Amino acid sequence: MTTTATETLLDPETVASYRRDGFVHIPGVLDAAEVERFRAAAQHEYDTGTALNRDDQIFKQVVNVWTYNETLRDLTLHPKLARLATELAGIPVRIWHDHLLIKKPHNQAPTEYHQDAPYWPHANCRHSLSAWIALIDVPVERGCMTFIPEQHERRDIRPIDLTDAHDLFEAAPDLVFHRRVTHPLRAGDITFHSGYTPHTANSNNTDEFRYAHVNIYADRELTYDGKPHVCTDPLNLTVGQTLPDDHFPPVG
Ligand code: SIN
Ligand code: NI
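Numbering-wise, the sequence shown is residues 0 to 251 according to numbering that gives the first Met the number 0.
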């Protein structure tokens, strides 16, 4: 990362590699004190938070923690992360939602290959991307992310069953022999991936919890398309409207 006269955080090569591959690894974004503060808050949410999916085999998923956990709000709305996301996206963004994704020790269940954006009720979305933030060291054995490069322009793949190892490859058989890139992370590192980049996270085969916090950013101007989704269902939105700023805050 560099700070240049134009006040950008990322050098042009890093932005270009994200736009070519559909993902990028940015090391050392959070310092040790931030990591510890956010990891302790994530542990508290694991112990007390309401999971979207109950604590199933893959992970405990706690959505929109920024709306009630003051510490994790600082992470979801973190100005540095928002600037990185904006530089990568190249357009103004808002938070679509956040989620904690916590894998228990020896959970024995990967998060199977999928794209994210097909699950979302978005129309006219020029770009969306996730910041996957490691709040503990995440070597391969603890469930880091693996990406299929150069596939983020694809719009032909249906929503995939996260629990089914074969589903993405049945939907897109040409990806079976495509190369894959795995990124182990140190605590405080981030990978950003496009909403259409196919990806997986392997199981946690260690004695420690895997703490990941994910900020999802999306085009500030996208419109609601009416598909069911846990983050928009309670809001009585009108198809075609932009997302309301109080629930989906503009950042960056
Ligand atoms: C995971 O961390 O287990 C999956 C993250 C993702 O699908 O974006
Ligand atoms: Ni995903």
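Just so it is clear, CB atoms sit at the ideal spot from N, CA and C, and this is done for glycine as well. Computed from a predicted structure; not experimentally measured.
Can you grab the Cα-Cα spacing for the pair residue i / residue j, in whole Å?
| i | j | result |
| --- | --- | --- |
| A50 | V61 | 5 Å |
| D97 | V213 | 6 Å |
| R141 | N201 | 7 Å |
| A108 | L161 | 10 Å |
| D166 | H198 | 13 Å |
| T110 | E6 | 37 Å |
| A32 | V180 | 29 Å |
| L184 | I156 | 28 Å |
| L8 | L87 | 10 Å |
| L242 | W65 | 17 Å |
| H177 | F146 | 10 Å |
| T231 | V238 | 11 Å |
| E69 | D30 | 19 Å |
Looking only at its own chain, which residues have a Cβ that is under 6 Å from the Cβ of residue i, when we skip the five neighbours before and after it?
| i | result |
| --- | --- |
| G21 | H151, S193, T196 |
| L221 | H121, N123, C124 |
| S127 | A116, G194, A217 |
| R82 | L8, G251 |
When the distance is taken between beta carbons, is residue j closer than 8 Å to residue i?
| i | j | result |
| --- | --- | --- |
| W119 | F247 | no |
| D73 | A133 | no |
| V229 | R93 | no |
| P104 | E35 | no |
| A130 | L71 | no |
Would you list the residues sitting across from residue i in a DSSP beta bridge?
| i | result |
| --- | --- |
| Q60 | L100 |
| L9 | Beta-bridge pairing links L9 to no other residue. |
| H24 | T190 |
| T110 | A200 |
| D218 | V92 |
| T241 | T222 |
Return helix, strand or coil for residue i, following the three-state DSSP convention.
| i | result |
| --- | --- |
| L184 | strand |
| P148 | coil |
| Y223 | strand |
| W65 | helix |
| P158 | coil |
| V139 | helix |
| P78 | helix |
| R268 | Since the first and last residues shown for the chain are 0 and 251, residue 268 lies out of range. |
| V14 | helix |
I'd like the list of long-range same chain contacts for residue i, defined as Cβ closer than 8 Å, with 5 residues on each side in sequence excluded.
| i | result |
| --- | --- |
| A4 | Model confidence at A4 stands at a pLDDT of 46, short of 50, so the residue's coordinates are unreliable; what they give is reported in the following sentence. Answer for A4: no residue qualifies. |
| I252 | The question about residue 252 has no answer, for the chain in this structure spans 0 to 251. |
| E149 | R19, D20, G21 |
| F191 | Y17, F22, V23, I25, L83, A84, L87, L128, S129, A130, W131 |
| L234 | P243, H246 |
Given residue i, which residues of its chain have a CB within under 7 Å of its CB, disregarding the five upstream and five downstream residues?
| i | result |
| --- | --- |
| R209 | I101, K102, I135, V137, R141, G142, N203 |
| Q240 | T222, Y223 |
| I90 | R125, H126, D218 |
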